[in-house]
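See below for the structure under consideration.
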Amino acid sequence: MAADLQPKASSSTSTYAGLGIPLILPAWAIIGFFLVLPVMMMLIYSFLTKEFRGGVIWEFSLAAYDQFFFDRGLFGDELPKIEWTYITIFWRSIWQAAAATLLCLVIGFPTAWFIATRTARNRSIWLFLVTIPYWVNLLIRTISMKFLIRDNGPMNELLMASGLISEPIHIINTNLAVQLGLFYSYLPFMVLPIYAAVERYNFALSEAAADLYASRTITLTQIILPTIKPGIIAGCILVFVPSLGAFLAPDLLGGAKNFMIGSLIEEQFKGAAGNWPFGAAASMILLSLVLLVLTLYARQQTREQG
Amino acid sequence: MADQNNIAVDIRNVTKMYGAFSALEKVNLDIRDNEFFTLLGPSGCGKTTLLRTIAGFEDITQGEIVLYGQNIANLLPNERPVNTVFQQYALFPHMNVTQNVMFGLLRLGQDKTSAKFRVAEVLELVQLTKFADRMPNQLSGGQQQRVALARALAPSPKVLLLDEPLSALDLKLRQAVRLELQQIQHQTGITFVFVTHDQEEALTMSDRIAVIKGGQVQQVGSAQEVYEAPKNKFVADFIGETNLLDVRVTDLHDGKGSCILPGGVQITCPAADGAHPGPGHLSVRPERIAITSPNEGLVQGKVKRHIYLGTDMHVEVTLMDSETVTVRMQNSSQIQIPEAGQTIGLEFEADAARLLVD
Chain A
1 MAADLQPKAS SSTSTYAGLG IPLILPAWAI IGFFLVLPVM MMLIYSFLTK EFRGGVIWEF
61 SLAAYDQFFF DRGLFGDELP KIEWTYITIF WRSIWQAAAA TLLCLVIGFP TAWFIATRTA
121 RNRSIWLFLV TIPYWVNLLI RTISMKFLIR DNGPMNELLM ASGLISEPIH IINTNLAVQL
181 GLFYSYLPFM VLPIYAAVER YNFALSEAAA DLYASRTITL TQIILPTIKP GIIAGCILVF
241 VPSLGAFLAP DLLGGAKNFM IGSLIEEQFK GAAGNWPFGA AASMILLSLV LLVLTLYARQ
301 QTREQG
Chain B
1001 MADQNNIAVD IRNVTKMYGA FSALEKVNLD IRDNEFFTLL GPSGCGKTTL LRTIAGFEDI
1061 TQGEIVLYGQ NIANLLPNER PVNTVFQQYA LFPHMNVTQN VMFGLLRLGQ DKTSAKFRVA
1121 EVLELVQLTK FADRMPNQLS GGQQQRVALA RALAPSPKVL LLDEPLSALD LKLRQAVRLE
1181 LQQIQHQTGI TFVFVTHDQE EALTMSDRIA VIKGGQVQQV GSAQEVYEAP KNKFVADFIG
1241 ETNLLDVRVT DLHDGKGSCI LPGGVQITCP AADGAHPGPG HLSVRPERIA ITSPNEGLVQ
1301 GKVKRHIYLG TDMHVEVTLM DSETVTVRMQ NSSQIQIPEA GQTIGLEFEA DAARLLVD
C-alpha cells in the first residue's frame, strides 16, 4: 500500500512546487529591493571617497577602512599605528550586547517558563501583557526610562524615601544605564521564542527523567535545556544582534562617553559633519561581525546534528 | 492473605482526591513478587492515576504504598526503585538509543564502562542492538516502544510500571509485542504492573487482573476468575461480552441460586456474593449458549439478525419479553446458522450461567 501511495504523493508535491515560484516572487522582489540593494549600496559607498558636505564622490578609495583601523597622525603623513578609538567602540558594543543578552536570558527564561506553564487562557493574557510596551514607540520608552532612572527621578526618590540609600545612585550616562535600556528594549525578543519552545516541551520527559533517578537540577540541565535549546538560541540572536547596532539607548541613556557602534554610524549620516564612506565601512564591519557569529553558530549546529 | 514477604507492592487504603472528586477511593491491592499484574478499566476509571501514585508522579490524599516492606508514599519519583514505560514513550529526543537507555544507570552512579555493558545487554533483550546509535525520531513506533522498555528495564527496577504501552501500536504489532512482554517478564523476573483498557490484552498477558471502575477496585483475580466468575454486573460486562437476562431469584444457598428465566423455566446456577432474592441479573456468555429446535432448551426466541465476525458469527435472538440475547457460533460449514425470523430455542448449562448483583 505504501508503494501505491508513493508516486501520488510525490506528484502532488511537484504540483505545489510549480505553484510556489509565482507565489514567492513578491517576497523575493521586496527582499531584493529593500534588503539586498541597500546592502550592496552600502558596500559600494564604503569604497568611495567622501564629500565634505555629506554624500560621496564616485572615486575608489580605501580611506574609510583605513581610517577605521589605522592612525596616520593629524595630517596623514605619519607611520600608521593601530587606531583604537573605533575598535574600542566596537568592543564596548559587543560586551554591552552580550551582557544585555545574558540579562534578558536570566530574566526572560523564568518569565517564559512561567507563561508557558499557565492554563491556555491565562497564557494569552500574559503574552498580551508582555507585548503591551511595544504599542509605544521605542524612542518614547527610552526617554521615559531616562526620567525614571535619573538622579532625582522616581527610582532614586523611592529608594531614598525608604531609607535604603542616603544619596541618589548615579546611573544615567553610565554603561549600566545603556545596559538597562537595551535589556528593557529587547526583553520580549527573548521571552517569545523561549515561550514557544517551552510550550512545545513534552513534560512527560521531565517525568521520565525523574523516574530514571534524575534530580531536578539534572532534569533541567540534561533534559529540559537541551530540548528547548533552539528557542534559547533564537532568543539570544534576536536580542544580541539588534543590541549590537542599537543607537537609541546608548544615545539617550549613555551619553557621549558610552558610545556604541549604532551611534557612531548614525553620526556619520547625520548633518554636514557626516562621513558617508566611513559610516558605510563601519556598517560593513558590523555586518561582517554579525555574519561571522551566525556562521559559526550554524556550523556548530550542523556538526552537532551530523 | 498471601505471605507478606511475597508482596511486591502493597496498596493500603489509598485515596486520591482532586478537589471534591475522588479519583481513587480506598483502594487496597496486593501485587505479588514476580507477577504480571494488570490494572484494567475503562478510561477515566483511575487506573493510570493509581499507576502514577506508585511511580510518585501523583501524591496520594490518604493511605500507604508499601514497596517490599517500605512505605514509599512520601518519596519523590527519583527516590523510588521503580521505573515506568510511558504511554507515548517519552524518549529523550536529543539522545540516541544508547544514551536514552544509559540515562538511569548513570544517575544511579554506575560508571560508563559497566553502564555500557548493561545497555548492550538490555538492547539485546529487546532486539535493538542494531539501532543503538539511532536517534528516537529515526525509529518506528514499535522500535521506540522497545527503547522505552529497555530504558525502564536497564536499572533493574524492583517493579516495572507500564502505562498502556501498546495503545499506540497497530493491531498486528500489538499482538506480537504482547507475547514478547510476557516473555521478558518471565526472563527478568521483575514484577510488572500493567495498565490497559483493553480486556483482551489483560486476559492474554496477566497473572492477575484488578478490574477498576470509578476509582474503586471491583474484582481481583486471574484471567479465568474474572472472566468466568465475575463478582458483579460491571465486571461481567466489561470483560468479554455477556448476556445479562432479567430474572427472578427465588432461593439462595451455598453460593448457588435458583431463578426463574423469562418464559418460566427455573434453573439453579452459581451466584455471586451479595445476590439476593427478588429481581436479579443472570449472566451467560454468548459462546456458552447453543441453539436448539423450538420448544426445546431453556428459553424461546426469534432470530433477529446475524453479525459476521470472520472466525465467528453472532446471532442476535429476541426473547419473548423482547430482551436481546447474543449467541456466538463458530463460522464453519459444519454448523447451520438459523435464518432471521426463525423461531428457535436456546440452551445453556446451568453452571455456565451466573447470578450477579449490580
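For the record, the sequence lines run as chains A and B. For what it's worth, our numbering labels the leading residue of the first sequence as 1, then goes sequentially. For what it's worth, our numbering labels the leading residue of the second sequence as 1001, then goes sequentially. Even for Gly, the Cβ is constructed at its ideal location relative to N, Cα and C.
Bridge pairing for residue 1358 of chain B: absent [DSSP]. For residue 153 of chain A, the three-state secondary structure derived from DSSP is coil. By alpha-carbon distance to residue 1223 of chain B, the top candidate from B:1312, B:1022, B:1036, B:1014 is B:1036. For residue 1298 of chain B, the three-state secondary structure derived from DSSP is coil.
Contact between residue 1119 of chain B and residue 1154 of chain B holds: CB atoms are separated by about 6 Å, below the 8 Å threshold. The beta carbon of residue 185 of chain A sits no closer than 8 Å to any beta carbon of chain B. A direct Cα-to-Cα measurement between residue 1263 of chain B and residue 1348 of chain B gives close to 15 Å. Between residue 1077 of chain B and residue 1057 of chain B, the CB-CB gap stays under 8 Å. Taking a Cβ-Cβ threshold of 7 Å, the residues of chain B close to residue 211 of chain A are 1055, 1077, 1083, 1084, in chain order. Taking a 10 Å sphere around the C-beta of residue 19 of chain A, we find fewer than 16 other C-beta atoms and assign the residue as exposed. Taking C-alpha positions only, residue 251 of chain A is separated from residue 82 of chain A by approximately 26 Å. Membership of residue 1238 of chain B in the alpha helix (DSSP H) is indicated by the continuous run 1233–1238. Residues of chain B whose Cβ lies closer than 7 Å to the Cβ of residue 214 of chain A are, in chain order, 1078, 1107.
For residue 1297 of chain B, not one C-beta of chain A is nearer than 8 Å to its own C-beta. Chain-order list of chain B residues neighbouring residue 204 of chain A: 1086, 1088, 1090, by C-beta distance under 7 Å. In this model, residue 1019 of chain B and residue 1074 of chain B are separated by some 20 Å (Cα to Cα). Taken atom to atom, the span from the alpha-carbon of residue 167 of chain A to that of residue 160 of chain A is near 7 Å. With a contact defined as Cβ atoms closer than 8 Å, residue 1151 of chain B and residue 1096 of chain B miss out at about 12 Å. In this structure, the beta-carbon distance from residue 253 of chain A to residue 142 of chain A falls below 8 Å. Annotation for residue 223 of chain A: 205, 209 place their beta carbon closer than 6 Å to its own, counting only its chain and skipping 5 residues before and after. Only residues of its own chain outside the window of five on either side were considered, and among them 1211, 1226, 1230, 1231, 1235 have a CB closer than 7 Å to the CB of residue 1219 of chain B, listed in chain order. Using a Cβ distance threshold of 8 Å, residue 1301 of chain B and residue 1317 of chain B count as a contacting pair. Residues of chain B whose Cβ lies closer than 9 Å to the Cβ of residue 227 of chain A are, in chain order, 1092, 1093, 1094. By the Cβ criterion, the segment 1264–1277 of chain B is not in contact with the segment 1321–1338 of chain B, since fewer than three pairs of Cβ atoms, one from each stretch, lie closer than 8 Å. Here the alpha carbon of residue 193 of chain A sits roughly 32 Å from the alpha carbon of residue 1052 of chain B. Apart from sequence neighbours up to five positions away, no residue of its chain approaches residue 221 of chain A with a beta-carbon distance below 8 Å. Under a criterion of Cβ atoms nearer than 9 Å, the residues of chain A adjacent to residue 1155 of chain B are, in order, 212, 213.
Listed by position along chain A, the residues whose Cβ is nearer than 7 Å to that of residue 1117 of chain B form an empty set, because the closest Cβ is around 18 Å away. In the DSSP assignment, the residues bridged to residue 1328 of chain B are B:1314. Identification of residues in the segment 57–69 of chain A having a C-beta nearer than 7 Å to some C-beta of chain B yields an empty set. By the beta-carbon neighbour count (other beta carbons within 10 angstroms, threshold 16), residue 1136 of chain B is buried. Excluding sequence positions up to five before and after residue 255 of chain A, its CB lies within less than 7 Å of the CB of 173, all in the same chain and listed in chain order. Considering only A:99, A:74, A:198, the residue with the shortest C-alpha distance to residue 182 of chain A is A:99. For residue 1138 of chain B, the number of other beta carbons within 10 angstroms of its own is below 16, and it is reported as exposed. DSSP places residue 1062 of chain B inside the beta strand (DSSP E), whose first and last residues are 1062–1067. With 16 or more other Cβ atoms from the protein chains shown falling within 10 Å of its own Cβ, residue 1238 of chain B counts as buried.
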